[in-house]
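First up is the structure itself, then whatever we jot down about it.
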Amino acid sequence: MIPTEAKAPRAKFQQGKDYYLGNNPWFKKNPTRGIQLLTESATEGYDEAQFLLASILHQQHQYASAAAWYEKAAQQEHPEAQYILGLFYEKGYGVAVNNQLALNYYKKAAKQQHPDAQYKTAYFYEKGIGCKAGPDFMHAYRYYQDACAHTPLAYLGLSILYRDGLGVARDWELASFYYDIAKEQLKDHNNGSETVSRLKEAEPALVTLPTIKVNEVYYNKNAAPDGEGSYSIVYSGILKSQSKSVAVKLFKSDGNDYQCKERFENEINIMVKLQSPHIIRIYAVCPQPRLIIMERAARSLFNALYCTGIQMSWIQKLDLALEICYGLTHLHSHNPIILHRDLKSANVLLDENNHAKICDFGESHLGDPIVHSRVGTITHTAPELLQKNNPLQSEASDVYAFAVVLSEIATEDQPFENMALSDIVPYVLREGRPQFKPNSTIPKTPVAFYDLVVAAWRQKIEDRSPLKQIRSGLEHQKYVLTVLKKGSATA
Ligand SMILES: Nc1ncnc2c1ncn2[C@@H]1O[C@H](COP(=O)(O)OP(=O)(O)O)[C@@H](O)[C@H]1O
Ligand SMILES: [Mg+2]
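So the sequence shown is numbered by this note's numbering: it starts at 204 and just counts up by one.
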């Protein structure tokens, strides 16, 4: 039967498709006629025609026209069109890159159970891409769960959320369970570079790090330790396999074993993500007894300032300030952000060449700003965290602690040295700060440095200098000092 000329949009779409593909004996291949009919149907509002037309244009690399037709189909809730339009906005095909719109379209398709869109939505939420308020791990979790029946990449997402405790309670066992499923399912695929780097990103800490037995490291518990904190004792030691001199942090498991395990795993999980010359490097872990084997430093900044009597020049002090600033910047620029939460001179170490390295990540936190759960060290705790109504802890509280460390470096006095602990809280809430006058220190503190500290420990978060600004301030001071020194040497 010779087909009659189609009139209704749906029939035009069918005939257009048949002409375009040369589908059956009645419709000899006639792409021009096909496109004509599809365009008519699409213009009359038939979403399948809009979608097919868009796909044809897409294949022909006519991205702008393809985007326009995908957009029309997407507005009619065509899930595949919504997903592809998301991709267009993400990659900038035929439209300007716009992550917010990309996320919007992914979300729409995801709500219609489009598995790739569910995965993309989850990933965008995890990384905070296109999200005004930053990452949203709870939503990421939900969408990964929806997507994991269809894509192994979603298992990797779940594995990362469990490993890092993002939007869920941290659970290393579940994390490696999901990681193993994903790895197994991906093993026969010819994986693209994005998948390969995602697999690397999701590696559980204990896969990346050598796990050793206690007899693979030498340390002497009867010798004087390198240092001791509230939760651990740190000994010098030797990692036998590499004959390497290391520091061995032994966790005290007295009292609450669950809390000790949490701190231990948290510290490993964070250290393994950090690679900076100004952050102590982790080498290996031992689960029983709980040991972290790490790069060994000569002393803590606390010891250098208060116990050794070593005199430091101003330029040395400025260098220290800058290096700690670089270490802290490395933490804060991690995605998701890492907050140290216990920055103080005892948690900054110096190597033999007096280079500063931040240590002690037991209190650190990865991810969203959190409701302050406990005070790190009262002398370095920002006023917003001392108030009763539990505020969110953010990078500004690390900046405050950093400012106190800067004052320690300049004054060589312990903050609030002569004050009873119970008096410090009300004092800081009334805007009291550690004693610091530029002229009273040896060597003399330049006023520019003093001003920078004062701006970094302001009472209100919104008045406090951002870390970036402190960094450029310190860099400027170093530049001026170096130029002056050179100038006076050549004069
Ligand atoms: N890698 C290291 N090299 C040398 N000394 C260290 C090292 N790590 C820690 N220390 C010393 O041990 C002390 C306690 O370590 P820290 O990691 O702060 O433990 P805690 O979590 O118990 O506070 C530090 O203040 C420092 O004096
Ligand atoms: Mg400590």
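We treat Cβ as the ideally placed atom computed from N, Cα and C, and that holds for glycine.
Note that the coordinates shown come from a computational prediction; the quantities given were computed from them, not determined experimentally.
Requested in this report: Could you check the C-alpha separation between D695 and S516 for me, to the nearest Å?
Outcome: The question about residue 695 has no answer, for the chain in this structure spans 204 to 694.
Query raised in the report: Do the stretch 495–512 and the stretch 528–540 make contact, defined as three or more Cβ pairs closer than 8 Å?
Result: For the pair of segments examined, the stretch 495–512 was found not to touch the stretch 528–540: the number of CB pairs separated by less than 8 Å stays below three.
Report task. Compute the Euclidean distance between the alpha carbons of T411 and A658, then round it to the nearest angstrom. Result -> In this structure, the alpha-carbon of T411 lies about 40 Å from that of A658.
Requested in this report: Would you kindly check if the distance between the Cβ of I573 and the Cβ of L595 is under 8 Å?
Outcome: Taking a C-beta distance under 8 Å as the contact criterion, L595 and I573 qualify as a contact pair.
**Report entry** Simplified DSSP state of G177, which is helix, strand or coil
**Finding:** No answer is possible for residue 177: the residues shown for the chain start at 204 and end at 694.
**Report entry** Rounded straight-line distance, which links the Cα of A257 to that of A271
**Finding:** Approximately 8 Å between the Cα atoms of the pair.
**Report entry** E280 versus A312 - alpha carbon distance
**Finding:** Rounded to the nearest angstrom, the two C-alpha atoms are 8 Å apart.
Query - Between the CA atoms of E678 and R636 - distance to the nearest angstrom - result: Taking the CA atoms as reference points, R636 sits about 25 Å from E678.
**Report entry** Beta-carbon proximity of I441 to V417, cut-off 8 Å
**Finding:** No, the Cβ-Cβ distance between I441 and V417 is not below 8 Å.
Requested in this report: Taking K310 as part of the alpha helix (DSSP H), name the residues at either end of that continuous run.
Outcome: Looking at the DSSP string, the run of the alpha helix (DSSP H) that includes K310 is 302–314.
Query raised in the report: Would you call P646 buried or exposed, if buried means 16 or more other Cβ atoms sit within 10 Å of its Cβ?
Result: Label assigned to P646: exposed.
Query raised in the report: Could you give the residue range of the alpha helix (DSSP H) that holds F605?
Result: Counted as a single uninterrupted DSSP element, the alpha helix (DSSP H) harbouring F605 occupies residues 598–614.
**Report entry** Cβ neighbours of L542 in the same chain (closer than 6 Å, five flanking residues each side left out)
**Finding:** Correct list, in chain order: H568, D601.
Query raised in the report: By how many angstroms is the C-alpha of A305 removed from the C-alpha of L290?
Result: When rounded, the distance between both Cα atoms is 7 Å.
**Report entry** Environment of ligand 2 in chain order, Cβ to heavy atom below 5 Å
**Finding:** The answer, residue by residue, is G432, N550, D563.
Query raised in the report: Got a sec: does ligand 1 put a non-hydrogen atom nearer than 7 Å to the Cβ of R499?
Result: R499: yes, Cβ under 7 Å from ligand 1.
Requested in this report: Give the DSSP-derived three-state secondary structure of M515 in the structure shown.
Outcome: In the structure shown, M515 adopts coil according to DSSP, grouped into three states.
Report task. Take A606 and list the residues in its own chain whose beta-carbon comes closer than 7 Å to its own, dropping the five residues that flank it on each side. Result -> Excluding the 5 residues flanking it on each side, A606 has same chain C-beta neighbours closer than 7 Å at V656, A659, W660, in chain order.
Requested in this report: Measure from the alpha carbon of I167 to the alpha carbon of each residue in S456, C489, Y461, then state which is nearest.
Outcome: This structure leaves residue 167 out entirely; the chain is present only between 204 and 694.
Query raised in the report: Are V631 and P641 close, meaning C-beta to C-beta below 8 Å?
Result: No, the pair does not count as a contact, with Cβ atoms beyond the cut-off.
Query raised in the report: Is E598 buried or exposed, if buried means 16 or more other CB atoms sit within 10 Å of its CB?
Result: With 16 or more other CB atoms across the displayed protein chains lying within 10 angstroms of its CB, E598 is buried.
Query raised in the report: In three-state terms, what does DSSP make of F619?
Result: Taken through DSSP and simplified to helix, strand or coil, F619 comes out as coil.
Query - Distance between beta carbons of A343 and L377, contact taken as under 8 Å - result: Not a contact, Cβ separation roughly 15 Å.
Query raised in the report: When you compare each of K232, Q278, W229, N233 to Q253 by their alpha carbons, which one comes out closest?
Result: Minimum Cα distance to Q253 is reached at Q278.
**Report entry** K314 versus M341 - alpha carbon distance
**Finding:** K314 and M341: Cα-Cα distance of roughly 16 Å.
Requested in this report: Evaluate the contact criterion for the stretch 553–566 versus the stretch 474–483: three or more CB pairs, one atom per stretch, below 8 Å.
Outcome: With a cut-off of 8 Å, the stretch 474–483 and the stretch 553–566 count as touching, because enough Cβ pairs lie within range.
Query - For V298 and V475, the rounded distance between their alpha carbons - result: Near 39 Å, if we compare the C-alpha coordinates of V298 and V475.
Requested in this report: Could you check which residue in G248, L521, Y309, T246 has the C-alpha nearest to that of A613?
Outcome: Sorting G248, L521, Y309, T246 by C-alpha distance to the C-alpha of A613 places L521 at the top.
Report task. Would you check whether ligand 1 has a heavy atom nearer than 7 Å to the C-beta of G430? Result -> Checking every heavy atom of ligand 1 against the Cβ of G430, one is found closer than 7 Å.
Requested in this report: Measure the alpha-carbon distance for Q680 versus Y308 and round it to whole angstroms.
Outcome: Their backbone Cα atoms lie some 48 Å apart in a straight line.
Query raised in the report: Is the beta carbon of G395 within less than 7 Å of some heavy atom of ligand 1?
Result: Not one heavy atom of ligand 1 falls within 7 Å of the beta-carbon of G395.
Query raised in the report: Out of curiosity, what's the CA-to-CA distance linking I415 and K452?
Result: Spanning the two alpha carbons is a distance of roughly 14 Å.
Requested in this report: Measure the CB-CB distance between G219 and S244 and report whether it falls below 8 Å.
Outcome: Yes.
Query raised in the report: Run through DSSP, which three-state label would A487 get?
Result: DSSP places A487 in strand when its eight states are reduced to three.
Report task. Would you kindly check if the distance between the Cβ of S435 and the Cβ of L504 is under 8 Å? Result -> In terms of Cβ geometry, L504 and S435 do not form a close pair [threshold 8 Å].
Query - Helix, strand or coil at E651 according to DSSP, with G and I counted as helix - result: It should be pointed out that residue 651 corresponds to Ala in this sequence rather than to Glu. Here A651 sits in helix by DSSP.
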